[in-house]
Amino acid sequence: MNKAKKTRPLAFFLALTILLSSLPAHLAMTVSAESDPFMGKLHELLDEPDMEYRPATRWWMAEGLHTDETIKAEIKQLADMGMSLVEFVCRDGGARIPDDLDTELWPDVTRAQNIYSWGSEEWRHDTMLAIEEATKYGMGFSITSGTNWGNANIPREYLMPDDDGAGKSLGYKIQVVENGETFDGVLPRSYRVDPDLTKRQDLVAVVAMKRDPSSDATLVDSGNTVGTIAFDENHPDQAMVYDDTATQVLTDQVTLNGVPVTDETMKDPTGAAEFKLNWTPPDEGTWDIYCFWVQGTGQSPTPAADVNYTITYVDRAGSEALIDFYENVFFAGEDFKKIIKDNGKGEIYMDSIEISTTNGQTGQFWGLTLLDEFEKRHGYDLTPYLPYIIKTGNRSENTNWRTKMLGSDGVLEEKIHSDLFDLMTNCYIENVLLPLKNWLNDELGMKLRAEVAANLPYEATLSGRGVDFVETESLDQGEQIESFRVYAGAANVYGKRLSSETGALSNQNYVHGLERYMRTVNTQFAGGIQHVVWHGYASLSGPKPLDTTLGQWGTENQTWWPGGEVMGTNFSDRLGPRQPAFGHYDDMMTKIARDQAVLQQGKAQVDLAILRTDYYNNRNYEGGLTDSDTMRNRKALFMKDLSLQDAGYTYNYVAPENLEFLEQEGIADYREGEGLIPDNVGYQAVIVYQENMRVESAQKLLELAQKGLPVVIVNGLIDRYKTSNGGRNVALTFGPSSPLAVGDGRPAKVAVSKYHEKAAAYTLGNDGREDELAEVMGKLKALNNVVECNPDLPTDTKNPDPEAWGYEDEYLYNKTGILDALQELGIRPRAEFTEPNKNYFTV
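Quick look at the structure:
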């Protein structure tokens, strides 16, 4: 009880300052600073918020089609609107090149893009000038990690798809052998979209699998992907089933020019070498010989002065190529670097990771060193299990596994998947984020801001350690507090600021007034976000106003606005003088700045850390719907006992593996009376409910509990496991019983739930250390500051439907035992309601 009383003044401070932040300065000043030093500090903070607390915005620039004069005018406009930072994003000017452009002196092969697009001298000049102008007004700047926004990429002069540093994916093709017949021939190669572009195709492995008659999937029998497992969206659970005890790795039986292959000869820069196999199965069953190949994706983002290709997000060679390009080409010369350093507020920004597994029929990105690194980290060879990592698509939230082990309960397959994704997460952090962050910090005084792990099977909260600023977005997270809690965990554990790309709504550009966007902003603040980065600004200057060309999203843009628009009627919203509310921007941005000034003071002070590892990027993407606000309709994805929220508890989702990195990162782990990670966030208690946990994570949790950290262990919970079972990328995510299940006419993505019968019952990976984990958990449960809950809750993941409206309140509300356990341990919310409150969120 004493702890609760000590922390309540903080809640009063937050409530008071947020109230004052909404008042004009002349009204807020009615309380004299001279009579109350505390109020004096508030006035100093809130009357005229410092530049760093003001919102930032993305500027959708139509390539290099601005003059120096218009760039200067636009930067001043952004400063006058109250922006703290401008983020430059290159968008296609396309046919809107000015009619009077004199092309007579251009070489015959020259296109307008060669002169004006990303990477050109004109674009480079415009970037330098815009940074200089931003510096005049005290604003920062941000540039993307290549053209467009969705990935890191550089021009082909410095990176080709076959280079080690370019994006790679894992392809495969199956050779079927039946009735004991011998296969004697050339291994079939996986399909490549453009074999002239991606010539290199290295052999990874050959694995023979005995197909069980219970298999209900089929192989594609025609077209480009013949010989791969077919996927039927209407029957997503169909899969190939294999007898894992019969698996044979045949790689060492493959020959090239009559000689057994080696690691070196399996590399094929021509893509034409004839790798041969002579093999007879041991019985007359149906055997699938999987031939796995690594090849370049050849993904080429636009617009660009020439042709750009994406880097690999697995091997270090990718970030090395990116850094080398920026260091020696784009930022080349002391003038540009001086401009950057003079500004002192520069960033490179990495949006949600929009990279493709083109040429990779497994749905997996790959690295040239991945198999070796996997064995080093996890102690076993992944090769025999490669057929079990084949999935649909590359976006993790739509994962559907195409193969199963005969007689398996799915536990072993999940462990293998977790081991792969654990490695991929660490490759992303250690080979991409950290090298880029360290170079920016050390050489240019810049920062790295990123939507960490978004779209790919990387653990988001672990990825927070690889950046300076963590970012999320309102669009892909469906404006849901539950989703924001994941990214808040990524930021709070490592003491990073959390920002959000704010305001994008599908097909609603120039539709809403400021009240709709303030709803988004306030929801984000309630979810732990501290900084707004507006989705966009478009200037009155730029290319032609009329645009009826076929847009990127497959519809005519139909935009007649003067100046550069670049997204037509699609994703909202273009801040700027076109908007009727333009005259009110200063008031709105100042109000937001005051809120952000409060939210960025001190440390986060979140009550609970809910330990949860997620490789599937779970969220609700609701696109353009404005009436499906699941947060306000009391929907939860993970912790479905909303009595905690209603009592005033704040919580983040945090992967338990983060506990293992605290010492390495120089982060204090626990202090009595100050909680877990006291210098950054101060979680008062930890909740454990997932059935999987690494032994090392459990050992660290035991160590912390022995120091005094309260822990609640809950058995028998159901949570959102995957956003869909391989459904469409752009549909809605609701349970089948939801009134919105039909969405906008496309099939709804039916989310996949998981029942966690016993918390921390299995190790996360395939390490065989269950007995060791059980021993650690036994010691943990024996402590006086640890409570184990065994509630009587639904165990079926489909009936009743965990995604249905009202599921949380009917089946879980204050029935998990967590609320009582926290009260028993003396853990009260820092901002506690006197009775359950369903209308307010504490921050």
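Counted the way mature numbering (1 follows the signal peptide of the UniProt record, and there is no 0) counts, the sequence shown spans residues -27 to -1, 1 to 816.
No residue lacks a Cβ here, since even glycine has one placed at the ideal position from N, Cα and C.
Helix, strand or coil at residue i [DSSP, three-state]
i: Tyr558; result: helix
i: Asn625; result: strand
i: Glu403; result: helix
i: Val684; result: strand
i: Glu446; result: strand
i: Ile328; result: coil
i: Trp412; result: helix
i: Phe11; result: helix
i: Leu417; result: helix
i: Asn698; result: coil
i: Lys183; result: strand
i: Leu798; result: coil
i: Gln174; result: strand
i: Met24; result: helix
i: Phe309; result: helix
i: Arg644; result: strand
i: Gln221; result: strand
i: Pro233; result: strand
i: Lys811; result: coil
i: Thr198; result: coil
Beta-carbon proximity list for residue i, same chain, < 8 Å, skipping 5 on both sides
i: Asn96; result: In the sequence as presented, Asn is not what sits at residue 96; that position holds Trp. Closer than 8 Å at Cβ, skipping near neighbours: Glu36, Gly37, Cys63, Tyr89, Ser90, Ala278.
i: Ile313; result: Ile104, Phe304, Gly319, Leu417, Gly418, Met419
i: Asp782; result: Arg607, Leu615
i: Ala29; result: Met56, Ser57, Leu58, Val59, Glu60, Gly113, Ser115, Ser472, His504, Val505, Val506, Trp507
i: Ile296; result: Pro408, Leu409, Trp412
i: Gly336; result: Thr330, Ile363, Lys364, Thr365, Gly366, Asn367, Thr372
Exposure of residue i, with buried meaning 16 or more beta-carbon neighbours within 10 Å
i: Phe248; result: buried
i: Ser195; result: exposed
i: Met378; result: buried
i: Pro134; result: buried
i: Trp412; result: buried
i: Gln618; result: buried
i: Val684; result: buried
i: Gly231; result: exposed
i: Phe338; result: buried
i: Gln637; result: exposed
i: Asn373; result: buried
i: Met562; result: buried
Sequence-distant residues of its chain with Cβ nearer than 7 Å to residue i (five each side left out)
i: Val199; result: Val193
i: His98; result: none
i: Lys754; result: Ile686, Glu761
i: Glu106; result: Ile44, Lys45, Ile48
i: Glu273; result: Note on identity: in this sequence residue 273 is Ser, with Glu being the wrong assignment. The answer, listed in chain order, is Val280, Asn281, Tyr282.
i: Leu598; result: Interpretation of Leu598 is limited by its pLDDT of 47, a score under 50 that renders its predicted location unreliable; the figure taken from the coordinates is listed afterwards. For Leu598, where only same-chain residues beyond five positions count, there are no Cβ hits under 7 Å.
i: Val494; result: Thr475, Val505, Ile565
i: Asp137; result: Asp288, Ala290, Leu341
Close beta carbons around residue i, own chain, < 6 Å, minus the five adjacent residues each side
i: residue 819; result: What is shown of the chain runs -27 to 816, which leaves residue 819 out entirely.
i: Glu645; result: Gly681
i: Ser188; result: Met213, Val214
i: Pro(-19); result: Reliability of the predicted coordinates at Pro(-19) is poor, the pLDDT of 40 falling under 50, and the value obtained from them is presented with this limitation in mind. None.
i: Leu756; result: Ala678
i: Glu455; result: Ala609, Leu610
Heavy atom of the ligand GTP within 7 Å of residue i beta-carbon
i: Lys731; result: Looking for the ligand GTP in the displayed structure turns up nothing, as the structure carries no ligands at all.
Contiguous alpha helix (DSSP H) assignments of at least 4 residues, all confined to the region 257 to 299
DSSP runs (the alpha helix (DSSP H)) wholly in the region 257 to 299: 289 to 298.
Could I get the ranges of all uninterrupted beta strand (DSSP E) runs contained in the region 94 to 169, with 3 residues as the minimum, in chain order?
Taking 3 residues as the minimum length, the beta strand (DSSP E) runs contained wholly in the region 94 to 169 are 113 to 117, 126 to 128, 141 to 150, 156 to 159, in order along the chain.
Assess contact between the region 248 to 264 and the region 110 to 125, defined as three or more Cβ pairs (one per stretch) separated by less than 8 Å. Is contact present?
With a cut-off of 8 Å, the region 110 to 125 and the region 248 to 264 do not count as touching, because too few Cβ pairs lie within range.
Quick check: the region 178 to 192 against the region 241 to 259, are there 3 or more CB pairs under 8 Å?
With a cut-off of 8 Å, the region 241 to 259 and the region 178 to 192 count as touching, because enough Cβ pairs lie within range.
Say whether the region 119 to 129 touches the region 278 to 290, bearing in mind that this needs 3 or more beta-carbon pairs closer than 8 Å, one atom from each stretch.
In the pairwise beta carbon analysis, the region 119 to 129 is classified as touching the region 278 to 290: at least three pairs are separated by under 8 Å.
Decide yes or no for the touch test of the region 660 to 668 against the region 330 to 341: beta carbon pairs closer than 8 Å, at least 3 of them.
Under the 8 Å Cβ criterion, the region 660 to 668 does not count as touching the region 330 to 341, having fewer than three qualifying pairs.
Within the chosen definition, does the region 473 to 480 reach the region 624 to 635 through at least 3 CB pairs nearer than 8 Å?
Counting Cβ pairs under 8 Å, fewer than three are found: no touch.
May I ask you to verify whether the region 568 to 588 touches the region 456 to 465, counting CB pairs closer than 8 Å and requiring at least 3?
Taking 8 Å as the limit for Cβ pairs, the verdict is that the region 456 to 465 does touch the region 568 to 588.
Stretch-stretch touch, CB-based, cutoff 8 Å, three pairs: the region 481 to 501 with the region 543 to 563:
Short answer: they touch.
Output the residue ranges of the alpha helix (DSSP H) runs that lie fully inside the region 440 to 484 and measure 4 residues or longer, sorted by chain position.
Correct list: 454 to 466.
Ordered list of alpha helix (DSSP H) runs contained in the region 333 to 405, each at least 4 residues:
Entirely contained in the region 333 to 405, the alpha helix (DSSP H) runs reaching 4 residues are, in chain order, 343 to 351, 384 to 400.
Under 8 Å, with one C-beta from each stretch per pair, do the region 582 to 590 and the region 427 to 439 reach the 3-pair mark?
Contact between the region 582 to 590 and the region 427 to 439 is present: 3 or more CB-CB pairs across the two stretches fall below 8 Å.
At a cut of 8 Å, does the region 371 to 389 reach the region 738 to 749 through at least three beta carbon pairs?
With contact defined as three or more Cβ pairs closer than 8 Å, the region 371 to 389 and the region 738 to 749 are in contact.
Counting only runs that start and end within the region 482 to 510, where is the beta strand (DSSP E) found for 3 or more residues in a row?
Restricting attention to beta strand (DSSP E) runs no shorter than 3 residues, the region 482 to 510 encloses them at 504 to 510, ordered along the chain.
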